[in-house]
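**Q** Pasting a structure here, questions to come.
There are 2 protein chains.
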Amino acid sequence: MQKATSAPFCAAVDWGTTNFRLWLLGGNGETLAERTSAEGMRACLPDRFEQVLESHLAALGAPGDLPVIVAGMAGARGAWCEAPYLETPARLSGLHASAVRVGRTRRDVRILPGICQRRAGSEDVMRGEETQLSGAVAEGLQSALFCLPGTHSKWARVEGGILLSFLTCMTGELFSIVSQHSVLHGLLQEAQEETAMPPFREAVEEMLAGAPLTARLFNLRAAALLDPARARQSRARLSGLLIGAEIAAAIREFGKGPVVLVARGETAAAYETAIAVAGLEVATRDATDLTRGALHGAARSIWQEN
Amino acid sequence: MQKATSAPFCAAVDWGTTNFRLWLLGGNGETLAERTSAEGMRACLPDRFEQVLESHLAALGAPGDLPVIVAGMAGARGAWCEAPYLETPARLSGLHASAVRVGRTRRDVRILPGICQRRAGSEDVMRGEETQLSGAVAEGLQSALFCLPGTHSKWARVEGGILLSFLTCMTGELFSIVSQHSVLHGLLQEAQEETAMPPFREAVEEMLAGAPLTARLFNLRAAALLDPARARQSRARLSGLLIGAEIAAAIREFGKGPVVLVARGETAAAYETAIAVAGLEVATRDATDLTRGALHGAARSIWQEN
Numbered sequence: 001m002q003k004a005t006s007a008p009f010c011a012a013v014d015w016g017t018t019n020f021r022l023w024l025l026g027g028n029g030e031t032l033a034e035r036t037s038a039e040g041m042r043a044c045l046p047d048r049f050e051q052v053l054e055s056h057l058a059a060l061g062a063p064g065d066l067p068v069i070v071a072g073m074a075g076a077r078g079a080w081c082e083a084p085y086l087e088t089p090a091r092l093s094g095l096h097a098s099a100v101r102v103g104r105t106r107r108d109v110r111i112l113p114g115i116c117q118r119r120a121g122s123e124d125v126m127r128g129e130e131t132q133l134s135g136a137v138a139e140g141l142q143s144a145l146f147c148l149p150g151t152h153s154k155w156a157r158v159e160g161g162i163l164l165s166f167l168t169c170m171t172g173e174l175f176s177i178v179s180q181h182s183v184l185h186g187l188l189q190e191a192q193e194e195t196a197m198p199p200f201r202e203a204v205e206e207m208l209a210g211a212p213l214t215a216r217l218f219n220l221r222a223a224a225l226l227d228p229a230r231a232r233q234s235r236a237r238l239s240g241l242l243i244g245a246e247i248a249a250a251i252r253e254f255g256k257g258p259v260v261l262v263a264r265g266e267t268a269a270a271y272e273t274a275i276a277v278a279g280l281e282v283a284t285r286d287a288t289d290l291t292r293g294a295l296h297g298a299a300r301s302i303w304q305e306n
Numbered sequence: 307m308q309k310a311t312s313a314p315f316c317a318a319v320d321w322g323t324t325n326f327r328l329w330l331l332g333g334n335g336e337t338l339a340e341r342t343s344a345e346g347m348r349a350c351l352p353d354r355f356e357q358v359l360e361s362h363l364a365a366l367g368a369p370g371d372l373p374v375i376v377a378g379m380a381g382a383r384g385a386w387c388e389a390p391y392l393e394t395p396a397r398l399s400g401l402h403a404s405a406v407r408v409g410r411t412r413r414d415v416r417i418l419p420g421i422c423q424r425r426a427g428s429e430d431v432m433r434g435e436e437t438q439l440s441g442a443v444a445e446g447l448q449s450a451l452f453c454l455p456g457t458h459s460k461w462a463r464v465e466g467g468i469l470l471s472f473l474t475c476m477t478g479e480l481f482s483i484v485s486q487h488s489v490l491h492g493l494l495q496e497a498q499e500e501t502a503m504p505p506f507r508e509a510v511e512e513m514l515a516g517a518p519l520t521a522r523l524f525n526l527r528a529a530a531l532l533d534p535a536r537a538r539q540s541r542a543r544l545s546g547l548l549i550g551a552e553i554a555a556a557i558r559e560f561g562k563g564p565v566v567l568v569a570r571g572e573t574a575a576a577y578e579t580a581i582a583v584a585g586l587e588v589a590t591r592d593a594t595d596l597t598r599g600a601l602h603g604a605a606r607s608i609w610q611e612n
């Protein structure tokens, strides 16, 4: 049995599309050391995954035989080593049983699977969020509607520890590409000081009432041209339009009910406000805590059962 | 009085954001010569407008004193010479009366105004489409709901020759930035051979039934990951989703009724199909013909009344 000493039990990695995060964890899941970097999947393609992982482990002085558990995009097809999708309905406590061991590495590295939904017309995929959900289930949230905001925000219906269905909205990515590449670019650059709540809340309300997103996007530009005071609200309104569209989509798919929000920081604050505008109860869990907890749980299942 | 000879009566310019088009017109509006280029407003900023115009006139051997009538983005604030917006409701036959004469040019150059809508929450602007609408009015379409597709598609309600209200959707621009900058980029590059109609029509139907756009965008990626046959439909589906969202927005704003589509080529074909899927009658007018006709009408009003 592993004792809670300063000797790590495993390394746990949350390997996203654009970010990399690694923890050295003790036997009780306590964090002994931590690294974060921008070496997400995209930065590691086609073949820098092992090198990046080893560089961070070396920086922390990790033993050469320390096992590593990984969640996220490192397991995508064409990334480091494909961990094929499980399919909905999927038991979230069983992810570790489908972890894939990476070949030709000097240490034992396992990548947890993503989950896909093959329902015709609602095909969907996740890699990374299933690990957060399994962490929530392990903490006792066996049945809930979850919201996991991000570049590709997920809403997930979990019943009795089983992921029944989910829905992804391109919320964060649309915010990013509209900000950077559309006719709104200059406007949003200038507007970045103001993220005031009233324009954000109003935009959420409009989308919940069925306002058309692609028209509201151009309206940001027109309103700014006609009224400079409106220009300063553009970023807050864009955020509210996209998050409002997402919540409207989730209500359409899952109905109205309490939401467990898996987020942190400014993202958590914005979604808490928006979900409350929609009249739904919201309770927030820290996304990073859930990921780390789930990775530790999976690592225990893999390496302590043997 | 001007006779229909080969001596031009005026030059007419449609100066968009990304494209430039110039005609030498005879007294009856007949085209004597024509130039097109990619020297739209963006390519001419901050100060190449006169130089670009003169280069095209010189290439056609136009007289040094030939007057020029211009519609479009050359009249935007910060472009060549601002032609301030008229406001809705706006009489479309009266655009020429608000044309602005460009200062410090050796020839007489007039820029037609755009039109803005100051209605709170529905602020909107157009520059160029008002000229197409005035061309349609001049052809006898005094009352109609118009659809003018493009980077920023417009729907416009005209009654008795007066533009009452309009709605802009960022349809073309979203297609462009999602294709070029989102996670769908690679998929859409590979899929570009197929623009088959069934996937396009289905996507339009989904949006008319209220499907959530930002979720359907991610669904394109998920469906392609899970089923390579679906990948080839991605461009047709993306186009159908965005055009369907636009038509749904227009129906929400203007109700269901016959539509006059101002377009040409592939764009006209796609919108004709999509508008028919929505159960609306559609009659198509050539966008370029309307612009040229309206520019000629405005030129006659300006230079033949004196």
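Protein sequences, first through last, are from chains B and W. Take the first sequence: its position 102, counted from the start at 1, is 102 in this note's numbering, and no numbers get skipped. Each number in this note's numbering comes from the position in the second sequence (counting from 1) with 306 added on. All C-beta atoms in this analysis are idealised placements derived from N, C-alpha and C, irrespective of residue type, glycine included.
#1: Taking a cut of 8 angstroms between CB atoms, which residues from the segment 217–233 of chain B lie near chain W?
#2: With C-beta atoms as the reference, is Glu-129 of chain B less than 8 angstroms away from Leu-145 of chain B?
#3: Using 8 angstroms as the threshold, is the C-beta distance between Ala-274 of chain B and Pro-518 of chain W below it?
#4: Looking at the C-beta of Thr-474 of chain W, does it have a partner C-beta in chain B at a distance below 8 angstroms?
#5: Between Gly-546 of chain W and Phe-506 of chain W, which are expected to be in contact by the criterion C-beta below 8 angstroms, what is the C-beta distance as a whole number of angstroms?
#6: Have a look at Ala-33 of chain B and Glu-39 of chain B and give me their C-alpha separation to the nearest angstrom.
#7: Quick one: what does DSSP say Cys-387 of chain W is sitting in, helix, strand or coil?
#8: Taking the C-alpha atoms as reference points, what is the distance between Gln-308 of chain W and Arg-598 of chain W?
#9: Evaluate the contact criterion for the segment 487–494 of chain W versus the segment 576–596 of chain W: three or more CB pairs, one atom per stretch, below 8 angstroms.
#10: Tell me the residue span of the alpha helix (DSSP H) that contains Val-443 of chain W.
#11: Are Val-158 of chain B and Leu-164 of chain B closer than 8 angstroms when you measure CB to CB?
#12: Closer than 8 angstroms, CB to CB, is Ser-74 of chain B near chain W or not?
#13: If contact means a Cβ-Cβ distance below 8 angstroms, which residues of the segment 482–496 of chain W contact chain B?
#14: With distances taken between CB atoms, is the gap from Asp-124 of chain B to Gln-117 of chain B smaller than 8 angstroms?
#15: Should Met-212 of chain B be flagged as near chain W, meaning a C-beta pair shorter than 8 angstroms?
#16: Using the DSSP secondary-structure output, state which residues sit across from Ile-111 of chain B in a beta bridge.
#17: At a CB distance below 9 angstroms, what residues from the segment 240–274 of chain B approach chain W? Give them in sequence order.
#18: List, in order along the chain, the chain B residues whose C-beta lies closer than 9 angstroms to that of Glu-436 of chain W?
#19: In chain order, what residues of the same chain lie with their CB nearer than 7 angstroms to the CB of Glu-356 of chain W, ignoring the 5 residues before and after it?
#20: Using a Cβ-Cβ distance cut-off of 8 angstroms, determine whether Asp-289 of chain B contacts chain W.
#21: Apart from the five residues on each side of it in sequence, which residues of its chain come closer than 7 angstroms, Cβ to Cβ, to Arg-264 of chain B?
#22: How is Asp-14 of chain B classed by DSSP in three states: helix, strand or coil?
#23: Of all Cβ atoms in chain W, is any one closer than 8 angstroms to the Cβ of Arg-118 of chain B?
#24: Assuming the contact rule is C-beta atoms closer than 8 angstroms, Ala-314 of chain W and Gly-335 of chain W should be a hit. Round their C-beta distance to whole Å, please.
#25: List the residues of chain C that Thr-171 of chain B touches, going by C-beta distances under 7 angstroms, in chain order.
#26: Which residues of chain B have a Cβ atom closer than 8 angstroms to the Cβ of Leu-454 of chain W, listed in chain order?
#27: For chain B, is any of its Cβ atoms less than 8 angstroms away from the one on Glu-429 of chain W?
#28: Secondary structure at Arg-570 of chain W, three-state DSSP: helix, strand or coil?
#29: CA-CA distance, Ile-549 of chain W and Gly-563 of chain W?
#30: Between which two residues does the alpha helix (DSSP H) holding Met-476 of chain W run?
#31: What does Arg-354 of chain W pair with, by DSSP beta-bridge criteria?
#32: Given Ser-6 of chain B, which residues of its chain have a CB within under 8 angstroms of its CB, disregarding the five upstream and five downstream residues?
#33: Using the C-alpha atoms, what's the distance from Ala-521 of chain W back to Leu-141 of chain B?
#34: What residue ranges within the segment 533–597 of chain W form continuous beta strand (DSSP E) runs of no fewer than 3 residues, ordered along the chain?
#35: List the residues of chain W whose Cβ lies closer than 8 angstroms to the Cβ of His-296 of chain B, in chain order.
**A** Looking at the coordinates:
#1: Leu-217, Phe-218, Asn-219, Arg-221, Ala-222, Ala-223, Leu-225, Leu-226, Asp-227 and Arg-230
#2: no
#3: Their beta carbons are not under 8 angstroms apart, which means Ala-274 of chain B does not touch Pro-518 of chain W by this criterion.
#4: yes
#5: 4 angstroms
#6: 18 angstroms
#7: Correct three-state label for Cys-387 of chain W: coil.
#8: Residue confidence for Gln-308 of chain W is low, a pLDDT of 41 falling below 50, so the modelled location carries little weight; the figure read from the coordinates is stated next. Cα to Cα, Gln-308 of chain W sits roughly 18 angstroms from Arg-598 of chain W.
#9: no
#10: 435–444
#11: yes
#12: First, the residue type needs correcting, since residue 74 of chain B is Ala and not Ser in the sequence shown. No, its Cβ sits nowhere closer than 8 angstroms to a Cβ of chain W.
#13: For the segment 482–496 of chain W, the set of positions with a beta-carbon nearer than 8 angstroms to some beta-carbon of chain B reads Ile-483, Val-484, Gln-486, His-487, Ser-488 and Val-489 in chain order.
#14: yes
#15: The sequence shown places Pro at residue 212 of chain B, rather than the Met named in the question. It does: the Cβ of Pro-212 of chain B has a partner Cβ on chain W nearer than 8 angstroms.
#16: B:Val-70 and B:Val-100
#17: Leu-242, Ala-245, Glu-246, Ala-248, Ala-249, Ala-250, Arg-252 and Glu-253
#18: Near Glu-436 of chain W there are no residues of chain B at all, since even the closest Cβ is about 14 angstroms away, more than 9 angstroms.
#19: Thr-411
#20: no
#21: Asp-286, Ala-287 and Thr-288
#22: strand
#23: yes
#24: The amino acid occupying residue 314 of chain W in the given sequence is Pro; Ala does not appear at that position. The Cβ separation is near 11 angstroms, so there is no contact.
#25: The chain inventory of the structure shown lacks chain C, comprising the protein chains B and W.
#26: By Cβ distance, chain B contributes nothing, its closest Cβ being about 13 angstroms from Leu-454 of chain W, past 8 angstroms.
#27: yes
#28: coil
#29: 17 angstroms
#30: Looking at the DSSP string, Met-476 of chain W is not in any alpha helix (DSSP H), and its letter there is neither H nor E.
#31: DSSP lists no partner for Arg-354 of chain W.
#32: Spatial neighbours of Ser-6 of chain B in its own chain (CB-CB distance under 8 angstroms, excluding positions within 5 residues in sequence) are listed in chain order as Gly-26 and Leu-32.
#33: 25 angstroms
#34: 565–569 and 588–592
#35: Within chain W, no residue comes near His-296 of chain B; the closest Cβ sits about 29 angstroms away, beyond 8 angstroms.
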